[in-house]
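Colleague: First the structure, then my questions, so here it is.
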Amino acid sequence: MNTSDHLTTFPAIAIFLAGLAFFFHGLDGVKESLKSMAGRSLRQRIERFTSTGTLAALWGFILGALAQSSTAASFIVTGFVSSRLLTLRRALTMVAWANLGTVVLPFIASFDIRTAIALILGVGGLLATFRAGREFLLPAWRGLFMLGLLMLGLQFLKDATGGIPEEPWFRQFAQTLGDSLAFGFVVGIASRLVIQSTSAIVVIVVTFVNSGILTDSQAAMMVHGAGVGVGATVLLMGRSSHGLPRQLAYFQAIINSAAGAILALEVIAGKVTGLPSLMDLIRNTITSDSSRMLAIVYVVQQALCVGIAELCGSRWTNWLNRLSPPTDAQNLATPM
2 MNTSDHLTTF PAIAIFLAGL AFFFHGLDGV KESLKSMAGR SLRQRIERFT
52 STGTLAALWG FILGALAQSS TAASFIVTGF VSSRLLTLRR ALTMVAWANL
102 GTVVLPFIAS FDIRTAIALI LGVGGLLATF RAGREFLLPA WRGLFMLGLL
152 MLGLQFLKDA TGGIPEEPWF RQFAQTLGDS LAFGFVVGIA SRLVIQSTSA
202 IVVIVVTFVN SGILTDSQAA MMVHGAGVGV GATVLLMGRS SHGLPRQLAY
252 FQAIINSAAG AILALEVIAG KVTGLPSLMD LIRNTITSDS SRMLAIVYVV
302 QQALCVGIAE LCGSRWTNWL NRLSPPTDAQ NLATPM
């Protein structure tokens, strides 16, 4: 589809809905493929390959890149802890670095990837259909196809929203809204409660920025709001858990909410004082492309999550034990 061709209202809505469906089905498919691959042999490898903090960080990054949801990665790691495959400290390292791993998707979305989409869909679909290789590779081939479906959804979203800034209703709406930072922040929090992937939200925001629906500052605030929304999401999802699983939920909530809040305050301070913001620095020194600027902002936010986690180091164990003491069974079964 040629993005330069403005779509009429009904076809644009149809393509937008199809894009959302492809995107979320693809995202779920990648997650399910990852779960299918997490069998006994993979768990044994994780136990062996997370013996040091550096290796735990690497596995966490890979897990985040594959799952594309820090919440999903957190619950997967919780399963490893409950299965006595990880100590709490190694689990915290994996969860922190899984946040940084989710930055892969927004960077992919910032490039024109039509040929790559077709190649991934074709190769992944054919390998899955003909069950190429050994049986244990089938989830990987399905995951590759689902990744292509996810990327196709992104392209549909870009195409569907391309003509929106030219619509009279949008111009009126934009004039009414102005450059409201609070709007972007609140929408980011609300979006994260509905969409269980901050990287997915960033990708959707990228399409809105490219289409002129959001200003750069509003988009940045939406990303930072989504970071705070992670805290609310994991606490809601983990509200029935106790002990170690709830500790990981608290940890994820604290580092994401803190990173999002710090960077949101930075945007507000820049607007109030007139000093260069993070977006201004990126625009002046790295790239002026809005989608890539936003992807870099997301990298900074996720790197800040890791920084907060590493800064407090071993003190996390004591703090989390106070917030959610391990159950008697976990004290007996789980290595500390």
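Residue numbers (this note's numbering): 2 to 337.
For every residue, glycine included, the Cβ atom is placed at its ideal position computed from N, Cα and C.
Quick one: what's got a C-beta closer than 6 Å to His-225's C-beta in the same chain, skipping five residues either side?
Modeller: Closer than 6 Å at the Cβ level, and outside the excluded window around His-225, lie Gly-261, Leu-264, Ala-265.
Colleague: So what's Arg-323 in DSSP terms, helix, strand or just coil?
Modeller: helix
Colleague: Kindly indicate the opening and closing residues of the alpha helix (DSSP H) around Pro-1.
Modeller: No information on residue 1 is available, as it lies outside the stretch 2 to 337 that the chain covers here.
Colleague: Considering just the uninterrupted stretch of the alpha helix (DSSP H) at Arg-193, what are its terminal residues?
Modeller: 182-195
Colleague: Looking at the structure shown, is Gly-213 part of a helix, part of a strand, or coil, going by DSSP?
Modeller: coil
Colleague: In three-state terms, what does DSSP make of Arg-90?
Modeller: helix
Colleague: Could you tell me whether the segment 300-315 touches the segment 95-111, using the rule of 3 or more Cβ pairs below 8 Å?
Modeller: Between the segment 300-315 and the segment 95-111 there are three or more inter-stretch CB-CB distances shorter than 8 Å, so the stretches are counted as touching.
Colleague: Could you have a look at Ile-16 and say whether DSSP puts it in helix, strand or coil?
Modeller: helix
Colleague: Sort Arg-323, Val-301, Ala-74 by Cα distance to Ser-198 and report the nearest one.
Modeller: Ala-74
Colleague: What three-state label does DSSP hand Trp-317 in the structure shown?
Modeller: helix
Colleague: Measuring straight from C-alpha to C-alpha, what distance separates Leu-87 and Ala-254?
Modeller: 20 Å
Colleague: Buried or exposed: which applies to Phe-62, given that a residue is buried once 16 or more other Cβ atoms fall within 10 Å of its Cβ?
Modeller: buried
Colleague: Determine the closest residue to Ile-1 out of Leu-151, Ala-57, Ala-161, with distance taken between C-alpha atoms.
Modeller: Only positions 2 to 337 of the chain appear in the structure, and residue 1 is not among them; the question remains open.
Colleague: With the cut-off set at 7 Å, would you say Trp-317 and Leu-93 are in Cβ contact?
Modeller: yes
Colleague: Taking the continuous alpha helix (DSSP H) assigned at Gly-126, which residues delimit it?
Modeller: 115-130
Colleague: If I measure Cβ to Cβ from Leu-236 and keep anything under 8 Å in the same chain, skipping five residues before and after, which residues do I get?
Modeller: Same-chain partners within the cutoff: Ala-250, Tyr-251, Ala-254.
Colleague: For Asp-180, which of Val-268, Ala-233, Arg-135 has the nearest alpha-carbon?
Modeller: For the residues Val-268, Ala-233, Arg-135, the minimum Cα distance to Asp-180 belongs to Val-268.
Colleague: Leaving aside the five residues before and after Gly-185 along the sequence, list all residues of the same chain whose C-beta is less than 6 Å from its C-beta, in chain order.
Modeller: Excluding positions up to five away in sequence, the list reads Gln-219, Met-222, Met-223.
Colleague: Thinking C-beta only, is Ala-233 closer than 7 Å to Pro-107?
Modeller: No.
Colleague: So for Ser-292, helix, strand or coil by DSSP?
Modeller: helix
Colleague: Report yes if the CB atom of Gly-154 is closer than 7 Å to the CB atom of Gly-125, and no otherwise.
Modeller: no
Colleague: Does the separation of the CB atoms of Tyr-299 and Val-104 fall below 7 Å?
Modeller: In contact: Tyr-299 and Val-104 (Cβ atoms closer than 7 Å).
Colleague: From Leu-67 to Leu-139, what does the alpha carbon distance come to, in whole angstroms?
Modeller: 16 Å
Colleague: If we ignore side chains and look at the alpha-carbon of each, how far apart do Asp-290 and Gln-302 end up?
Modeller: 18 Å
Colleague: Using C-beta distances below 7 Å, list every residue in its chain close to Phe-50, excluding the 5 sequence neighbours before and after it, in chain order.
Modeller: Leu-56, Trp-60
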